[in-house]
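Input: a single structure, listed below in structure tokens.
Residue numbers (UniProt numbering), protein chains in the order written: chain B, 1 to 333; chain Z, 1 to 333.
Below, the structure is given as structure tokens:
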């Protein structure tokens, strides 16, 4: 667990796109962020209060989170000065960069002097078990995509919001670096050793109260040949009671694979459901989440109506219209 | 690549079961083994010439292979004396044990003094790429199982033998520790980081001559919830042209999962083929390999006939009757 609240480090982010992690924290866990801290030339602004390290500390911040990704994922010398000063003031550090905090001797030294913790969420810090497939108490919903990067994390976060708003008992379970930094815990599934992937998902979603829902962040796609094994481990380790199909309708090929056409929603539904029922025979597909960001409002509404008729399931864009209808579908299960 | 030929170290193996790796080398690559070396009390005997380290060296052995697995996979003090002496005589060492050679300071020191290489085949020694899904030249066949440990490696090895006997152009591609030690190279897929699994399989089975077949060793099962992600990466990274379904008909539950019933061969055929055609639309299921070790000869024959009629495909037990008919099916493709 990463200690909250955070001060969000934006560094010298060239633009808002580079600040994806910080934006996710601001949007989904606003209570986790006391403010932002930038370096000269920073092109990202979250609209939070700009603070010095001392002001962040005074506002109660426990952890300085690197909310920015730069090319190559490198920790630059310009960043180092702030990070070392933060450790000196009693902050912990948290990062999802490829360049691990723990591999930087000066950061390690400063953390040892001051007792601060270095959280590298890109790599596992737990010896996960091999999955045992035993039925667990409580309920689980998993977002599965026709492709990578179609909005699975966003869907899960929006669903968590909508379920809490309805008074349902739910927990978002992060399986990627961004989700872990946003919520403070989770499993970096793409960095887990093959034999332990499904076991890591079991570890992440343990026995719970009968009415509790784990909302499991999806990864990859069963139809994306680079990452399908990770998706498979989520389906079998997560033993979901419910699946939500996530789709981005304007995509012409699979992300990073120009020769591969995205599958139909029906193909994903049939494949994912058949596989999910190996681990949980009661599993159902309960809804469709469409990423309509490349459509006008009218186009989006027409498309959602068409998908709803075609699939016989609630179809929503949680970004435009919220995830209430998906939460309703889970409540009705 | 592990240098051949080998001297096979049986240590103090309590019985033949513990010498599975050495037996595999003797059976499938007899030219790789100049002899065996045992410690007092060893309960395994491969029927090879028992040799001292010096005799093995004189017979041309380049590598001392630990052909035995003991409880916990530990390198004992009794073994150490032989291993250090071997390094002193110029042997390389190769091991698939959990207890890595490279984690033993005295072995590392001895290897540095004498220039010998320590091969720990349980862990990858390559930074595998992320899979790109590009169509590769040459052909590939993959063994997929209804369960773990149903005879996939044996089937692939027997198929390699049968294809060579027919004059076909083929290479066995090991994906597990035993297969790697037998053939001297491969990818320890269960130890690869999740994001790189499919890329590791692409790396293992690169572009090749148009008539060349990679015979890819299968792992796990699409229906085994602990390891299905690894199987998925083999299907998508291997982009097989042909699948062989492997089955052990007397099993009452999935290996290690008492609550899980094995799937039908038809379910595995349909699921594996649908997934394989994502990466290679031309993929076909060409045959069935049945492990009849728990059946009499008459029972086995009757069962194979029944399966052949039921599935409409050649059904053989390669251990009892050879894999010629599977090789024929590939040649006819």
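Backbone N, C-alpha and C define an ideal beta-carbon position, used for all residues, glycine too.
Using a Cβ-Cβ cut-off of 8 Å, residue 217 of chain B does not count as an interface residue toward chain Z, since no Cβ of chain Z sits closer than that to its own. Shown here, residue 254 of chain Z sits in a strand according to DSSP, grouped into three states. Taken atom to atom, the span from the alpha-carbon of residue 243 of chain Z to that of residue 138 of chain Z is near 15 Å.
Between the region 139-158 of chain B and the region 77-95 of chain B, the count of C-beta pairs closer than 8 Å stays below three; the two stretches do not touch. In this structure, residue 173 of chain Z lies away from residue 235 of chain Z, with their beta-carbon atoms at least 8 Å apart. Annotation: residue 91 of chain Z is outside any alpha helix (DSSP H) and is labelled neither H nor E by DSSP. Secondary structure remark: continuous beta strand (DSSP E) runs of at least 3 residues inside the region 54-121 of chain Z, in chain order: 63-66, 92-95, 118-120. With a threshold of 16 other beta carbon atoms within 10 Å, residue 101 of chain Z meets it and is buried. Residue 6 of chain Z: member of the beta strand (DSSP E) spanning 6-11, first to last residue. Membership of residue 310 of chain B in the alpha helix (DSSP H) is indicated by the continuous run 297-311.
Closest by C-alpha distance to residue 292 of chain Z, out of Z:283, Z:151, Z:228, is Z:151.
Beta-bridge annotation (DSSP): residue 287 of chain Z is paired with Z:244.
Assigned with DSSP and collapsed to three states, residue 38 of chain Z falls in strand. Looking at the DSSP output, residue 50 of chain B bridges to B:36.
The C-beta separation of residue 13 of chain Z from residue 43 of chain Z comes to about 6 Å, placing the pair in contact by the 8 Å criterion. Listed along the chain, the chain B residues whose CB falls inside 7 Å of the CB of residue 236 of chain Z are 225, 228. Within a 10 Å sphere around the beta-carbon of residue 111 of chain Z sit 16 or more other beta-carbons, which makes this residue buried. When Cβ-Cβ separations below 8 Å define contact, residue 126 of chain B makes no contact with chain Z. With fewer than 16 other beta carbons inside 10 angstroms of its own, residue 299 of chain B counts as exposed.
Note on geometry: alpha-carbon atoms of residue 196 of chain B and residue 188 of chain Z lie some 14 Å from one another. Scanning the region 133-210 of chain B for uninterrupted beta strand (DSSP E) segments of 3 residues or longer gives 139-145, 169-173, listed from N- to C-terminal end. Chain Z has a Cβ within less than 8 Å of the Cβ of residue 257 of chain B. Chain order gives the chain Z residues near residue 134 of chain B as 257, 259, where near means a beta carbon separation below 9 Å. Of all C-beta pairs linking the region 300-319 of chain Z to the region 169-185 of chain Z, fewer than three are shorter than 8 Å, placing the two stretches out of contact.
Membership of residue 214 of chain B in the beta strand (DSSP E) is indicated by the continuous run 212-216.
Between residue 185 of chain B and residue 246 of chain B, the beta carbon gap of about 23 Å keeps them out of contact (Cβ cut-off 8 Å). The closest CA to that of residue 127 of chain B, considering only B:200, B:303, B:265, B:330, is found on B:200. Per DSSP, the unbroken alpha helix (DSSP H) holding residue 271 of chain Z starts and ends at 265-279. Under the three-state reduction of DSSP output, residue 316 of chain Z falls in the strand class.
By the neighbour-count criterion, in which 16 or more other beta carbons inside 10 Å mark a residue as buried, residue 209 of chain B falls on the exposed side. Straight across, the Cα-Cα distance linking residue 239 of chain B with residue 276 of chain B is about 6 Å. Considering only Z:169, Z:119, Z:192, the residue with the shortest C-alpha distance to residue 62 of chain Z is Z:119.
Between the beta-carbon of residue 133 of chain B and that of residue 257 of chain Z there is about 5 Å, and that keeps the pair under the 8 Å contact cut. Looking only at B:135, B:64, B:268, B:296, the smallest Cα-Cα distance to residue 202 of chain B is reached by B:135. Residue 158 of chain Z is not a Cβ neighbour of residue 121 of chain Z, given a cutoff of 8 Å.
Between the alpha carbons of residue 310 of chain Z and residue 287 of chain Z lies a distance of about 12 Å.
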